[in-house]
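Undergrad: Protein chains in written order, with my numbering: chain L, 3 to 278; chain F, 12 to 531; chain X, 12 to 320; chain A, 12 to 320. Quick one: the structure is below, and I'll ask about it shortly.
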Ligand SMILES: Nc1ncnc2c1ncn2[C@@H]1O[C@H](COP(=O)(O)OP(=O)(O)OP(=O)(O)O)[C@@H](O)[C@H]1O
Ligand SMILES: Nc1ncnc2c1ncn2[C@@H]1O[C@H](COP(=O)(O)OP(=O)(O)OP(=O)(O)O)[C@@H](O)[C@H]1O
Ligand SMILES: [Mg+2]
Ligand SMILES: [Mg+2]
């Protein structure tokens, strides 16, 4: 994976490692820090080393199609978690990113009464995250009264601090007009919360993100401005992947090439707290 | 206005040239002319503007006012390529070699390299350089990177470079300042050959005896202005000095002043192996004694002094007044040892600091605001710098500027000046007056004598045999990294020194022009 | 003209602020926002001040970003293990000083080029950080009192700004008014000359690297305090920006020497530009274009002063 | 001892390969894997060879990673607009040469420190890249013939390896056997001296920057071909590794000067270490620790040779 320091990715890796240990597999994690060229080389390496299977986390295999095909051709099954289907991929376990984006947008727009100004934090370089942005665009078409008054392309690594600084700046310039923050994943949402908490703790701005990042969940519980996160069930995803891989290694075919893990919305209500 | 050699008209004339640096008037109405086939000497005190004038000729600076005439036509020398195209070759005062290129590589920079197809023809490159070097610097290691050459060897590499191709004018800014007698004499021969073949040579030197012997014509600069010019045979040494100093200074003759020799106790006793390839030296220095250190370029003098200073590894015994020396330069400073390096640019000072800070650098803790507070007091540093400046007649626009804005000779004074006013037990001095004018040279010699009179042992390495003879009570001669002669009293004559310096190396140097003894 | 040449970059900063203030008087030009900028630049500036020390002796320290990340992760882990705030600060800073000492020794004692020494050592530190954190973002167990060290205000100034003022004042004094500072500049100016006049070149260089790592660790602690979480690669963004600040600063004063006031000007330019462009609502890609262009202009302004020379 | 001092880093590379081959004879030591490593190091090495040119004149070019990303995105966009492979190559390379020329002019003509000039200009290029790509990864419209330029094998060697061999041979000849190369080394060794003897210092420096950008763009094109996609920040990883390769290489031969063979050794060390550790299945954090340690050891080996001096 290229994104091990991302909370969501890390969680999937951890769960998968546990399952792997339980299954008696020997799992090695390779992290290329966001570098696709590197990732391609590392896949070539493990293909050369004739590993039993390759699991790609949070990567679109199309970004490294040749290497994936080569691995498949060498008889090494390739499973992706939070990825996409592609030639050579035996199984993709994911949550539908477009659906996640739609859930997030709908939640936020409902809260706003389908009218208001939002700030958008996005990162199109990641194909999955890009899907969420496309979902937002679709939702916006249906809600002409919602306006994106500012958008910011996230700096990775360091998204929390980047979102915090940007939000501080935006609060200075158009703080009165912002009604909500749409974060393509939870880390920008946390950054926005930190800024609002410091500069305008009383404002009515609401924030929502995607991932169910534990820090975000904490913040929802403590009645901050973060009011929701669309949680992918990473445990379930990693579990499904491990199960699927067990089958594949046993020589069977998975029933479907793509498995979706359900996504659920986490809000103060689902956490059982009531906020003023 | 100028002195051409027999019948020739000057082809290069400078007329009323000025060049100012801020408030400093480096050149302020300089006139000058040189004819084909003439050896023309440009003399003047440190900071008189000689190097600045050279840089104008090389196109590095443009004149503020005045004209440059070449073959009678006004000319603009727009930059170094233009000067090169005019057939002007330069050896600048501060040497400019590419550190990791050897002499061959350095000689070819900026020239059209010999090629085979699009590629360099290395054997041809080397052969050509070797041919030139054979005439003037037969001992120069051609394949050693310039960083690992001594200043004298670097000087020779520059000379080789300048003489690689046909030239109309060769300008040499103090080419002999780090050459010893023999090497200088070899250069003189080449200069005469150049002149005979019609090339003009512009020669800058503070060694006035050399000027008297070599030049046809002369120009004297003072304060950026031409104060005299003519034929060398119509003036004498004293006359030149009077023109340079405006009649105020002493003749600066390098005569030996008789000092009462108070042969004191031994300050330094050393028996060490040091430096490259099996160099070994044994020496004893007494309190109050000035020991001159002489040798050909690369003989190992600087290496020995550095070893004594603790700046390069050495094995053996080194005792100062009976106690072993330890702790590198800092330990030696604490013991009252001082050191003046030979290469001011590379070893002398930090360009990032001002002149005053550079002077204070070696003993910063003397300038604290309070004895226990390691914060230097500006006021104390400035006072020290002013005092040094006055004692060594430093010509500087401001002591707050970088030392790189000083003229070569004035930079040299800093290296000595930083130690003034401290109690000294042993002084290790490498080329103390390289590029220093006659007046200031006398000052520095007085300072050195004062050190010895106060009871310090002094070792002074020098390539200037005049200086050696004037200063030393005793002379050690080095050759190939070893001390080969220890001369004092009646045995201390120029002939003896030069003969010892050749030692067994004389076999390589048997060309007819190298009759060093004849010079003495 | 001379003014332009000497203080060009400083004037450029003033000009940038003026232009933004005119373009957005209410939001950018407000006192609150200007104070806010000092807070936003504070961590970067602290790292950059550390980098300045190493640049003064003519070297690079590319491990700063690894140290920033390390300090945050180490601190949060130690909190998890029940250590007090004071002991966490002490432990993390001492570890960082030790790390800087290793870099310094590699460079000064073993003559490894600083670029490769600090890059390789930074990779090692990064590995350690991953090991400690298991590659995950850590956020549990941070005491609120620790978080207060990175947020809120005191005497009307944001707390991070106060840290910056303190750090800048101390390092400035150190470089400008002490023997140690003179020595560092001498070493940077001409290492051989410094050695020959008996300066403790190696020791001083090691100290410079140690202080640089210490300041990076301080920034890492403050970052963790401010975010309430620590990322194993949270310091990644600081490396190039810190050096950009130092180099910008070198064009601001004196004859191109690194200095604390210069670095502050450099960091301020970077912070002001990103704050101003965000406030003006400039689209992402244009922000990049304009940031690059403004920084180039800020440096070039000085050259035009020089042209008259 | 002299051997160790002179070729220490090269010996270190041999030793590293030997150790890995013993640890994993089947997988690492197989001919196929060794050939594969040459392919994996090829893009990094091409970028690093470009960086070498700039390092030879004593400057940095921090815009290389931006140029790598730009080239990939520009190429895929142009394919989308229907351009042919040859014209895409030509357009992208010419644009990159122009970009390098701008960097070079900023440094050589306007005396902007190269660190800040190329960082700022790299930011501008990054902005352009985002503009073109809208920040997204581009996949579509890449002709298979283009992809074949970055994959597959010819004469038994992987295609990227062939590109590397070609590039390295040309630049090596340029630096080592032509007057232009001698001039670049002279400029880097002593710019003042080069100026004094009338070398066209500015022109040559601009050419060095232009070539560096051109090679970075070539690497970017090959990366896009190899991955079949282009990422707007896809070149990010090349900056530090490329300079690490150059600096490692500087410790490998001669008097610590940048050179093409040296850079190849440096890039090979980096590639071998990361390939070997992955094949051995070393955990992530340990990989970092070991990479750093191995690189330091490779450089230090030379120092021990020196100690005997
Ligand atoms: N770059 C500069 N900036 C400021 N002042 C300068 C600069 N270069 C030279 N000067 C000043 O110009 C004057 C003339 O210097 P120049 O180097 O020409 O003297 P010089 O005759 O060659 O002396 P020396 O015999 O010591 O080499 C000196 O006062 C010097 O300080
Ligand atoms: N780093 C080095 N590596 C190899 N040889 C060196 C190195 N430094 C000096 N040498 C050689 O050692 C010998 C002694 O050099 P040293 O500097 O002591 O000579 P010197 O008598 O002071 O000559 P000069 O008059 O040129 O200053 C020379 O032949 C020189 O080329
Ligand atoms: Mg001079
Ligand atoms: Mg010497």
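We put the beta carbon where it would ideally sit given N, CA and C, even for glycine.
Are the C-beta atoms of residue 14 of chain L and some chain A residue less than 9 Å apart?
TA: To locate residue 14 of chain L, count along the first chain from 1; it is residue 12. So, not an interface residue.
Undergrad: Under 7 Å Cβ-Cβ, which residues of chain A neighbour residue 258 of chain X?
TA: Taking the first residue of the third chain as 1, we reach residue 258 of chain X at position 247. Near residue 258 of chain X (Cβ distances below 7 Å), the residues of chain A are 124, 126, 127.
Undergrad: At what residue ranges does the segment 171-230 of chain L contain a whole run of the alpha helix (DSSP H), taking only runs of 4 or more?
TA: 188-201, 216-223, all fully within the segment 171-230 of chain L.
Undergrad: How is residue 233 of chain L classed by DSSP in three states: helix, strand or coil?
TA: Numbered from its first residue, the first chain carries residue 233 of chain L at position 231. Residue state, collapsed to three classes: strand.
Undergrad: Is residue 268 of chain A close to chain F, meaning its C-beta is less than 9 Å from at least one C-beta of that chain?
TA: The sequence position of residue 268 of chain A within the fourth chain is 257, counting from 1. Yes, residue 268 of chain A lies at the interface with chain F (some Cβ there is under 9 Å from its Cβ).
Undergrad: Any chance the CB of residue 417 of chain F is under 8 Å from a heavy atom of ligand 1?
TA: Here the question's residue 417 of chain F lines up with position 406 in the second chain. Yes, since a heavy atom of ligand 1 falls inside the 8 Å radius drawn around the Cβ of residue 417 of chain F.
Undergrad: Mapping the DSSP letters down to three states, classify residue 27 of chain F as helix, strand or coil.
TA: For this step, residue 27 of chain F is matched to residue 16 along the second chain. DSSP places residue 27 of chain F in strand when its eight states are reduced to three.
Undergrad: Only counting the same chain, and skipping five residues up and downstream in sequence, which positions put a Cβ closer than 6 Å to that of residue 241 of chain X?
TA: Position 230 of the third chain holds residue 241 of chain X. Contacts found: 83, 84, 87, 149, 235.
Undergrad: For residue 35 of chain F, I'd like the list of residues in its chain whose CB is within less than 6 Å of its CB, leaving aside the five on either flank, ordered along the chain.
TA: Taking the first residue of the second chain as 1, we reach residue 35 of chain F at position 24. For residue 35 of chain F, where only same-chain residues beyond five positions count, the Cβ hits under 6 Å are 408.
Undergrad: Counting along the chain, where does the alpha helix (DSSP H) carrying residue 81 of chain X start and finish?
TA: Start at 1 with the first residue of the third chain, and residue 81 of chain X comes out as number 70. Unbroken alpha helix (DSSP H) run through residue 81 of chain X: 75-91.
Undergrad: Quick one: give me the first and last residue of the beta strand (DSSP E) that residue 284 of chain F is part of.
TA: By 1-based counting over the second chain, the position of residue 284 of chain F is 273. Segment 277-285, the beta strand (DSSP E) holding residue 284 of chain F.
Undergrad: Below 8 Å, is the gap between the Cβ of residue 406 of chain F and the nearest heavy atom of ligand 1?
TA: Start at 1 with the first residue of the second chain, and residue 406 of chain F comes out as number 395. Because some heavy atom of ligand 1 lies under 8 Å away, the Cβ of residue 406 of chain F counts as near it: yes.
Undergrad: Hey, how far is the Cα of residue 265 of chain F from the Cα of residue 447 of chain F?
TA: The residue labelled residue 265 of chain F in the question sits at position 254 within the second chain. The residue labelled residue 447 of chain F in the question sits at position 436 within the second chain. With a pLDDT of only 47 at residue 265 of chain F, under 50, the local geometry of the prediction cannot be trusted, and no value is derived from it.
Undergrad: Is DSSP giving residue 230 of chain F helix, strand or coil here?
TA: Numbered from its first residue, the second chain carries residue 230 of chain F at position 219. Here residue 230 of chain F sits in strand by DSSP.
Undergrad: What are the boundary residues of the beta strand (DSSP E) that residue 223 of chain F is part of?
TA: Here residue 223 of chain F refers to the residue found at position 212 when the second chain is read from its first residue. Looking at the DSSP string, residue 223 of chain F is not in any beta strand (DSSP E); the run it does join, the alpha helix (DSSP H), is 219-225.
Undergrad: So, helix, strand or coil for residue 263 of chain F, using DSSP?
TA: Taking the second chain and counting its residues from 1, the one referred to as residue 263 of chain F is at position 252. Caution applies to residue 263 of chain F, whose pLDDT of 46 falls short of 50 and renders its modelled position unreliable; the value that the coordinates give is listed next. Three-state result, residue 263 of chain F: coil.
Undergrad: Starting from the Cα of residue 401 of chain F, find the closest Cα among F:363, F:434, F:455 and give me that residue.
TA: Here residue 401 of chain F refers to the residue found at position 390 when the second chain is read from its first residue. Nearest of F:363, F:434, F:455 to residue 401 of chain F, Cα basis: F:455.
Undergrad: Looking at residue 79 of chain A: is its Cβ nearer than 9 Å to the Cβ of residue 260 of chain A?
TA: Here residue 79 of chain A refers to the residue found at position 68 when the fourth chain is read from its first residue. Here residue 260 of chain A refers to the residue found at position 249 when the fourth chain is read from its first residue. Not closer than 9 Å, so no.
Undergrad: Rounded to a whole number of angstroms, what is the C-alpha to C-alpha distance between residue 493 of chain F and residue 312 of chain F?
TA: Locating residue 493 of chain F in the second chain gives position 482, counting from the first residue. Locating residue 312 of chain F in the second chain gives position 301, counting from the first residue. Their Cα atoms are separated by approximately 9 Å.
Undergrad: Do we get a CB-CB distance below 9 Å when we pair residue 134 of chain A with the residues of chain X?
TA: As a first step, residue 134 of chain A must be located in the fourth chain, where it is residue number 123. Output row for residue 134 of chain A: interface = yes.
Undergrad: Can you tell me which of the three DSSP states residue 68 of chain A falls into?
TA: For this step, residue 68 of chain A is matched to residue 57 along the fourth chain. Note: residue 68 of chain A maps to coil in three-state DSSP.
Undergrad: Check whether chain X comes within 9 Å of residue 204 of chain L, counting only Cβ atoms and requiring the distance to be less than that.
TA: By 1-based counting over the first chain, the position of residue 204 of chain L is 202. False, the Cβ-Cβ gap to chain X never drops below 9 Å.
Undergrad: Answer with yes or no whether the minimum CB distance from residue 28 of chain L to chain A is below 9 Å.
TA: Here residue 28 of chain L is taken as the residue at index 26 of the first chain, counted from 1. Chain A, which has a Cβ nearer than 9 Å to the Cβ of residue 28 of chain L, makes this yes.
Undergrad: Given a cut-off of 9 Å on the beta-carbon distance, is the pair residue 140 of chain A and residue 243 of chain A in contact?
TA: In the fourth chain, counting from the first residue as 1, residue 140 of chain A sits at position 129. In the fourth chain, counting from the first residue as 1, residue 243 of chain A sits at position 232. Taking 9 Å as the Cβ cut-off, residue 140 of chain A and residue 243 of chain A qualify as a contacting pair.
Undergrad: Tell me the residue span of the beta strand (DSSP E) that contains residue 490 of chain F.
TA: Position 479 of the second chain holds residue 490 of chain F. Element bounds for residue 490 of chain F: 485-490.
Undergrad: In whole angstroms, what separates the C-alpha of residue 305 of chain X from that of residue 144 of chain A?
TA: As a first step, residue 305 of chain X must be located in the third chain, where it is residue number 294. As a first step, residue 144 of chain A must be located in the fourth chain, where it is residue number 133. Approximately 23 Å, taken between the alpha carbons.
Undergrad: Which runs of the alpha helix (DSSP H) at least 4 residues long sit entirely within the segment 361-426 of chain F? Give them in chain order.
TA: With a minimum length of 4 residues, the continuous alpha helix (DSSP H) runs that stay inside the segment 361-426 of chain F are 366-371, 389-402.
Undergrad: Residue 132 of chain L touches chain A at which residues, Cβ-Cβ below 9 Å?
TA: As a working mapping, residue 132 of chain L is identified with position 130 in the first chain. The contacting residues are 146, 147, 148.
Undergrad: With a threshold of 16 other CB atoms inside 10 Å of the CB of residue 179 of chain L, please say whether the residue is buried or exposed.
TA: The count along the first chain starts at 1 and reaches residue 179 of chain L at position 177. When all chains shown are included, residue 179 of chain L counts as exposed.
Undergrad: Which bits of chain L does residue 289 of chain X rub up against, with CB to CB less than 7 Å?
TA: The residue you call residue 289 of chain X lines up with position 278 of the third chain. Correct list: 168, 171, 172.
Undergrad: Does ligand 4 have even one heavy atom less than 8 Å from the beta-carbon of residue 189 of chain F?
TA: To locate residue 189 of chain F, count along the second chain from 1; it is residue 178. Yes, since a heavy atom of ligand 4 falls inside the 8 Å radius drawn around the Cβ of residue 189 of chain F.
Undergrad: Can you name, in chain order, every residue of its own chain whose Cβ lies under 7 Å from the Cβ of residue 236 of chain F, other than the five neighbours on each side?
TA: Here residue 236 of chain F refers to the residue found at position 225 when the second chain is read from its first residue. So the qualifying residues of the chain are 39, 40, 41.
Undergrad: According to the neighbour-count rule (16 or more other Cβ atoms, all chains shown, within 10 Å of its Cβ), is residue 70 of chain A buried or exposed?
TA: Indexing the fourth chain from 1 puts residue 70 of chain A at position 59. Answer is buried; the Cβ neighbour count reaches 16.
Undergrad: Straight-line CA distance for residue 173 of chain X to residue 47 of chain X?
TA: Counting from one through the third chain, the residue named residue 173 of chain X turns up at place 162. Counting from one through the third chain, the residue named residue 47 of chain X turns up at place 36. Each residue's Cα considered, the two are about 12 Å apart.
Undergrad: In whole angstroms, give me the CA-to-CA distance for residue 263 of chain L and residue 135 of chain A.
TA: Sequence index remark: in the first chain, residue 263 of chain L carries index 261 (1-based). Sequence index remark: in the fourth chain, residue 135 of chain A carries index 124 (1-based). Their backbone Cα atoms lie some 41 Å apart in a straight line.
Undergrad: Relative to chain A, which residues along the segment 101-134 of chain L have a C-beta separation below 9 Å, given in chain order?
TA: Cβ contacts with chain A: 124, 125, 126, 127, 128, 129, 132.
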